[in-house]
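Top line first, the protein sequences correspond to chains A and B. The opening position of the first sequence corresponds to residue 1 in this note's numbering, with each subsequent residue numbered one higher. The opening position of the second sequence corresponds to residue 1 in this note's numbering, with each subsequent residue numbered one higher. Single-structure report; data block below.
Number of protein chains: 2
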Amino acid sequence: MMKIHDWRTGPYPARVRIALAEKNLQSQVRFVSVDLRKGEHKTPEFLAKNYSGTLPVLELEDGTFIAECTAITEYLDAFAGAPVLTGRTAREKGLIHMMNKRAELELLDAISVYFHHATPGLGPDVEIYQNAEWGFRQRDKALRGMHYFDDILQRQPFVAGEAFSMADITVIGGLIFAGLVKLPVPANCETLQAWYGRMQERPSVKNRVTMSEPAKASI
Amino acid sequence: MMKIHDWRTGPYPARVRIALAEKNLQSQVRFVSVDLRKGEHKTPEFLAKNYSGTLPVLELEDGTFIAECTAITEYLDAFAGAPVLTGRTAREKGLIHMMNKRAELELLDAISVYFHHATPGLGPDVEIYQNAEWGFRQRDKALRGMHYFDDILQRQPFVAGEAFSMADITVIGGLIFAGLVKLPVPANCETLQAWYGRMQERPSVKNRVTMSEPAKASI
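The structure is reproduced here in structure tokens:
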């Protein structure tokens, strides 16, 4: 059975949990918890699994580790079944990967840098170097990014066009992170807020945190 | 005919030029030069093509813009023909995307931040905000990244395994950028240096800068 090394409530882990549920592959993985607050993702043991020291990491049955959300999503999306998250045609693949990367650069990764550099982040034992000025710049970039995605969603129903894709999942990850760091979506980004409301109703998004709970024994 | 908006000698443009040549698609594109030193990539006109203000950008015949090297490579790789740069199987796709992203995070993007923040970069008119401390941190990260890729290449012939892929192209982009900013590959990274020597002999890498020159009229 495949394993997912992650942290239940993390925004990056959310990307893979949502992708798993969209592809209906939950029953094919076991979750292994890596405690971010204790810095377990920065130990030599974990760094041997993922040099970059980030979650989540997919472990295949043969012991191969696949890190990075986009890479894990590509792996999972190669399994049969709708929806296709990474695109069918050249044009779809190109647009989805562009918008996915843009959602990282302009929103999710920017909020992550803000969190780790301009707030207490995971605490002093984990955040051994901080650059607050850079963190605040990235916060401001993320707020501009919210306006950008608001504008995009005024023109099309999903981040990369007419269908739900990996790019939507990455924007969702960004807004999950924004919620955790109490960075509100600007009030005038009404389209983005409405879209996020709809996304939160998707079972893959709604149930992502409890996905790794052992099934309760029925009476 | 498709267009590539880029800058001949840029390290990110190199990624797409190399991918184009590997897929033998050079004759299907026209290059449009965007002068980085004049900040043409930060003008409102260019930002309408690519919100993130980076090169290269692929323009399709229908006027669609596809930015981000990985996205453009996915687009081009959907064309038939060897080599396959982004993987055939789930496992190949996962590993190639992981190593491609790692080459960005740990090498190419780190050197880019160093260049734009801790050196004069593209000059004072373009580099309107710099954070030198962050830039130097990223330089040191890139040097550690060189050791990491040296180690990987001691165990396998290419960055993502047994075959040339998009991940190799991204490491090549990183080493092109390292050369431009005069950040030498550490002397004890002999395997990385030898691999880069072999990569520079590939026609796609060797001819990347002159690719956009109009063909010379024969006598």
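The beta-carbon is built from N, C-alpha and C at its ideal position, and this holds for glycine as well. Please read all numbers here as calculations on a predicted model, not as lab measurements.
*Secondary structure at L58 (chain B), three-state DSSP: helix, strand or coil?*
As a first step, residue 58 (chain B) must be located in the second sequence, where it is residue number 58. In this structure, L58 (chain B) counts as strand in the three-state DSSP scheme.
*Going by DSSP, what residues sit across from G161 (chain B) in a beta bridge?*
Working through the second sequence from its first residue, we reach residue 161 (chain B) at position 161. Bridge partners of G161 (chain B): B:F158.
*Along the chain, where does the alpha helix (DSSP H) that runs through M2 (chain A) open and close?*
Counting from one through the first sequence, the residue named residue 2 (chain A) turns up at place 2. Looking at the DSSP string, M2 (chain A) is not in any alpha helix (DSSP H); the run it does join, the beta strand (DSSP E), is 2-6.
*How is S33 (chain A) classed by DSSP in three states: helix, strand or coil?*
As a working mapping, residue 33 (chain A) is identified with position 33 in the first sequence. Strand at S33 (chain A).
_Contacts of I72 (chain B) in chain A (Cβ-Cβ under 9 angstroms)_ = Residue 72 (chain B) sits at position 72 when you count from the first residue of the second sequence. Residues of chain A passing the Cβ test: G94, H97, M98.
*asked:* Helix, strand or coil for I152 (chain A)? Go by DSSP, reduced to three states.
replied: Numbered from its first residue, the first sequence carries residue 152 (chain A) at position 152. Correct three-state label for I152 (chain A): helix.
*Note down, in chain order, every chain A residue with its Cβ under 7 angstroms from the Cβ of L105 (chain B).*
Taking the second sequence and counting its residues from 1, the one referred to as residue 105 (chain B) is at position 105. The answer, in chain order, is S52.
_Nearest by alpha-carbon distance to M146 (chain B): which of B:K206, B:A110, B:G94 is it?_
The residue labelled residue 146 (chain B) in the question sits at position 146 within the second sequence. M146 (chain B) has its Cα closest to that of B:A110, out of B:K206, B:A110, B:G94.
_Cβ-Cβ distance between L107 (chain B) and G174 (chain B) below 7 angstroms_ = Here the question's residue 107 (chain B) lines up with position 107 in the second sequence. Here the question's residue 174 (chain B) lines up with position 174 in the second sequence. For L107 (chain B) and G174 (chain B), yes; Cβs fall inside 7 angstroms.
*Contact set for N131 (chain B): own chain, Cβ-Cβ below 6 angstroms, skip 5 residues either direction*: Here residue 131 (chain B) refers to the residue found at position 131 when the second sequence is read from its first residue. Here the set comprises H117.
*If you compare alpha carbons, which of A:A19, A:V32, A:M1 is closest to R208 (chain A)?*
Counting from 1 along the first sequence, the entry for residue 208 (chain A) is found at position 208. If we check each option's Cα against that of R208 (chain A), A:A19 comes out closest.
_Just to confirm the assignment, what range does the beta strand (DSSP E) spanning F65 (chain B) have?_
Residue numbering aside, residue 65 (chain B) sits at position 65 when the second sequence is read from its first letter. That run of the beta strand (DSSP E) goes 65-67.
_Using a Cβ-Cβ distance cut-off of 7 angstroms, determine whether E68 (chain B) contacts chain A._
For the purposes of this step, residue 68 (chain B) is identified with residue 68 of the second sequence, where counting begins at 1. It does: the Cβ of E68 (chain B) has a partner Cβ on chain A nearer than 7 angstroms.
*asked:* Between which two residues does the alpha helix (DSSP H) holding K49 (chain A) run?
replied: Counting from 1 along the first sequence, the entry for residue 49 (chain A) is found at position 49. Its alpha helix (DSSP H) spans residues 44-49.
*Which chain B residues sit within Cβ distance under 9 angstroms of N24 (chain A)?*
Looking up residue 24 (chain A) in the first sequence gives position 24. Within chain B, no residue comes near N24 (chain A); the closest Cβ sits about 16 angstroms away, beyond 9 angstroms.
*Return the residue from the list A:A14, A:I4, A:M199, A:E74 that minimises the CA-CA distance to P157 (chain A).*
Numbered from its first residue, the first sequence carries residue 157 (chain A) at position 157. Of A:A14, A:I4, A:M199, A:E74, the residue nearest in Cα terms is A:M199.
_Stretch pair the segment 46-56 of chain A + the segment 65-82 of chain A: three plus CB contacts closer than 8 angstroms_ = yes
*asked:* Pairs of beta-carbons, one from the segment 81-100 of chain B and one from the segment 183-192 of chain B, closer than 8 angstroms: are there three or more?
replied: no
_Looking at chain B, is there any beta carbon in it that lies within less than 7 angstroms of the beta carbon of R49 (chain A)?_
Indexing the first sequence from 1 puts residue 49 (chain A) at position 49. One detail in the question is off: residue 49 (chain A) reads as Lys in this sequence, not Arg. By this cut-off, K49 (chain A) is not an interface position.
_Minimum Cβ-Cβ distance from W134 (chain B) to chain A less than 7 angstroms_ = Start at 1 with the first residue of the second sequence, and residue 134 (chain B) comes out as number 134. So, interface residue.
*Residue range of the alpha helix (DSSP H) that N100 (chain A) falls in?*
Position 100 of the first sequence holds residue 100 (chain A). Taken as a continuous stretch (DSSP letters only), the alpha helix (DSSP H) holding N100 (chain A) covers 90-103.
*asked:* Less than 7 angstroms between C-beta atoms, sequence neighbours within five positions excluded: which residues of the same chain meet that for F46 (chain B)?
replied: Numbered from 1 along the second sequence, position 46 holds the residue referred to as residue 46 (chain B). Once the five neighbours on either side are set aside, the close Cβ partners of F46 (chain B) are V34, E40, G53.
*chain A contact for A78 (chain B) (CB, 7 angstroms cutoff)*: Taking the first residue of the second sequence as 1, we reach residue 78 (chain B) at position 78. Yes, A78 (chain B) counts as interfacial toward chain A.
*For the alpha helix (DSSP H) that V171 (chain B) lies in, which residues bound it at each end?*
By one-based count along the second sequence, residue 171 (chain B) stands at place 171. Here the alpha helix (DSSP H) through V171 (chain B) covers 166-180.
*Return no unless some Cβ of chain A is closer than 7 angstroms to the Cβ of A90 (chain B).*
In the second sequence, residue 90 (chain B) corresponds to position 90, counting from 1. For A90 (chain B), the answer is yes, since a Cβ of chain A falls inside 7 angstroms of its Cβ.
*Between V171 (chain B) and D77 (chain B), what straight-line distance do the alpha-carbon atoms span, to the nearest angstrom?*
As a working note, residue 171 (chain B) is residue 171 in the second sequence. As a working note, residue 77 (chain B) is residue 77 in the second sequence. Cα to Cα, the separation comes out at about 18 angstroms.
*Please list the residues of the segment 145-164 of chain B that have a C-beta atom closer than 7 angstroms to any C-beta atom in chain A, keeping them in chain order.*
Y148
*Given that a residue counts as buried once 16 or more other Cβ atoms are within 10 Å of its Cβ, and exposed if not, what is A48 (chain B)?*
In the second sequence, the residue the question calls residue 48 (chain B) occupies position 48. Burial call: exposed.
_For L122 (chain B), the nearest candidate out of B:D168, B:S165, B:T86, B:W7 (CA to CA)_ = For this step, residue 122 (chain B) is matched to residue 122 along the second sequence. Residue B:W7 is the option with its Cα nearest to L122 (chain B).
*Helix, strand or coil: how does DSSP classify L25 (chain B) here?*
Along the second sequence, one-based indexing puts residue 25 (chain B) at 25. Coil at L25 (chain B), not helix or strand.
*Using a beta-carbon distance below 7 angstroms, is K42 (chain B) in contact with chain A?*
Position 42 of the second sequence, counted from the first residue, corresponds to residue 42 (chain B). Taking Cβ atoms only, chain A never reaches closer than 7 angstroms to K42 (chain B), which makes this a no.
*Which chain B residues sit within Cβ distance under 8 angstroms of R102 (chain A)?*
Indexing the first sequence from 1 puts residue 102 (chain A) at position 102. Going along chain B in sequence order, the residues near R102 (chain A) (Cβ under 8 angstroms) are Y51, S52, A67, E68.
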